[in-house]
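Enquirer: In the numbering used here, the protein residues as written are 731 to 1060. Using N, Cα and C, we set each Cβ at its ideal position, and we do this for glycine too.
This is how it looks when you write it as structure tokens:
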């Protein structure tokens, strides 16, 4: 694999594991199993201090590395697949909840499927926010980057999104559709700036990686225990940026090693894991509760394992039968 890309896959692998852990923990809280468990609360705060800004930052890096494209090309190559994925798994998620009935944390009836997938449902907000950012910045990049140059365009976009997040007040009726996209435009443009600049493939000294990860750890703990000095998305973007040097260093230092290969593979199939993991984690929780098992640690471990291995098995099965695109898994 191209090492310039391997650190991105490695970071996505780390990020998707954190997503699965975070949602498994919140599922236990919603089901009344965790019930104010201090460890679950601290874990939740640590993960949610940075993990979603990390995903938008990485999406931005990948976007910024690509040459500019017209909106039509972006629509067919990137936007439509994401929109299709969001629609398929929104209705699949609602159908499974209707089947589960009262056994689900938030049971649904079959007539709940008679809804539009917008505003996005549950964790599908991520896909919709990503779609909007890709669409908007594809259009703006096509108009302005030829004049400014790619790096200066993304620097200006970063400043503009930061300022927009501070001054724009969104009507309540529009917020469910557009507020996440506006907020997470900050890490997306930050990532795109990195992707467009030569720094994305620059050597990473071990000393810099060590210092950055120590500052990252201290920052995550400070945000989790005392709150963010900036907005949650802004502070999460800074923390995500501090994590990257360590991941870049490890991807090169341990290139070809089993741990890096496994994490990078999870990163490459992170979309499939993201859209399906809660189904497997929730099913595991329901089965354990039906068996009378309420040990929080066991629930968390098995829920996370199911949330990773279930989507992995589903992805491999779909790939085996050539159904990845039809099943909206990749």
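(1) Just to confirm, is the Cβ distance from residue 741 to residue 974 under 9 Å?
(2) Would residue 1097 pass as a contact of residue 945 if the rule is Cβ separation under 9 Å?
(3) Output the boundary residues of the alpha helix (DSSP H) element that contains residue 798.
(4) Judging by CA-CA distance, which residue of 860, 926, 756 and 848 is the nearest neighbour of residue 903?
(5) Out of 825, 939 and 960, which one is the CA nearest neighbour of residue 779?
(6) Would residue 793 pass as a contact of residue 859 if the rule is Cβ separation under 9 Å?
(7) State yes or no: is the C-beta of residue 939 within less than 9 Å of the C-beta of residue 976?
(8) On the DSSP letters alone, give me the boundaries of the alpha helix (DSSP H) that residue 1023 sits inside.
(9) How close, in whole Å, do the beta carbons of residue 775 and residue 885 come, if the pair is a contact with beta carbons under 8 Å?
(10) With distances taken from CA atoms, which of 769, 943, 750 and 822 is nearest residue 1057?
(11) Going by other Cβ atoms of all chains shown within 10 Å of its Cβ, with 16 needed for buried, is residue 937 buried or exposed?
(12) Going by DSSP, what residue range makes up the alpha helix (DSSP H) through residue 767?
(13) For residue 733, count neighbouring Cβ atoms within 10 angstroms of its own Cβ and tell me buried if that reaches 16, exposed if not.
(14) In the DSSP assignment, find the unbroken alpha helix (DSSP H) run with residue 937 in it and report its ends.
(15) Under the rule that 16 or more other beta-carbon atoms within 10 Å means buried, what is residue 873, buried or exposed?
Expert: Based on what the coordinates show:
(1) Yes; because the gap between Cβ atoms is below 9 Å, this pair is in contact.
(2) Past the edges of the chain, shown from 731 to 1060, lies residue 1097, and the structure says nothing about it.
(3) In the DSSP assignment, residue 798 falls outside any alpha helix (DSSP H), carrying neither H nor E.
(4) Checking every option, the nearest Cα to that of residue 903 belongs to 848.
(5) Residue 779 has its Cα closest to that of 960, out of 825, 939 and 960.
(6) Not a contact, by the Cβ cut-off of 9 Å.
(7) For residue 939 and residue 976, yes; Cβs fall inside 9 Å.
(8) Neither: residue 1023 is in no alpha helix (DSSP H) and is coded neither H nor E.
(9) Contact annotation, residue 775 with residue 885: C-beta distance approximately 32 Å; criterion of less than 8 Å not satisfied.
(10) With distances taken between Cα atoms, residue 1057 lies closest to 822.
(11) Classification of residue 937: exposed, given that the 10 Å Cβ count is below 16.
(12) If you look at residue 767, you'll find it isn't in any alpha helix (DSSP H); DSSP assigns it neither H nor E.
(13) At residue 733, the pLDDT of 42 sits below 50, so the modelled position is not reliable; the number obtained from the coordinates is stated separately. Under this definition residue 733 is an exposed residue.
(14) Where residue 937 is concerned, the enclosing alpha helix (DSSP H) stretches over 936-956.
(15) Burial state of residue 873 is exposed, judged by a 10 Å Cβ sphere holding fewer than 16 other Cβ atoms.
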